[in-house]
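K.L.:
Starting off with a structure, shown below.
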Amino acid sequence: MRTIRTYSRASGPLRGEIDDETHDEIGLVPTDETRFRILFLPVPEKKAGPNRLHLDLTTTSIDDQEETVARLVELGARHIDVGQGPGEG
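Using the working numbering, you'd call the opening residue of the sequence shown number 2 and step up by one each time.
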């Protein structure tokens, strides 16, 4: 849930909401006209492998992208090479 807590602290179009009673349920809620919500819940099963989470984030411009990436890296996100170079997508 550490990764989700990182994204929930990111300012921008998503705002984190943490369940006040259990502190286990975390929702990422849009703060603009976007119409989606992402909800993360713990499971009772024992962890069977590494946690994997991949979010594709969109931006409105190159400047917005650079600011978003810098903000998320500052909060604990990491750059991961997925084999995409310039112009690949």
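Here a beta-carbon is modelled for each residue, glycine too, at the ideal position from N, C-alpha and C. Remember, it's a predicted structure, so these values are computed and weren't measured experimentally.
The alpha helix (DSSP H) that contains alanine 49, what's its start and end?
P.N.:
It is not in any alpha helix (DSSP H) - alanine 49 carries neither H nor E in the DSSP assignment.
K.L.:
Please classify threonine 69: is it buried, with 16 or more other beta-carbons within 10 angstroms of its beta-carbon, or exposed?
P.N.:
buried
K.L.:
Using the rule of at least 16 other Cβ atoms within 10 Å of the residue's Cβ for burial, across every protein chain shown, is leucine 73 buried or exposed?
P.N.:
buried
K.L.:
Using C-beta distances below 7 Å, list every residue in its chain close to threonine 60, excluding the 5 sequence neighbours before and after it, in chain order.
P.N.:
Closer than 7 Å at Cβ, skipping near neighbours: Gln66, Thr69.
K.L.:
Whole angstroms is fine: what's the gap from isoleucine 81's alpha carbon to proline 45's?
P.N.:
The straight-line gap from Cα to Cα measures roughly 29 Å.
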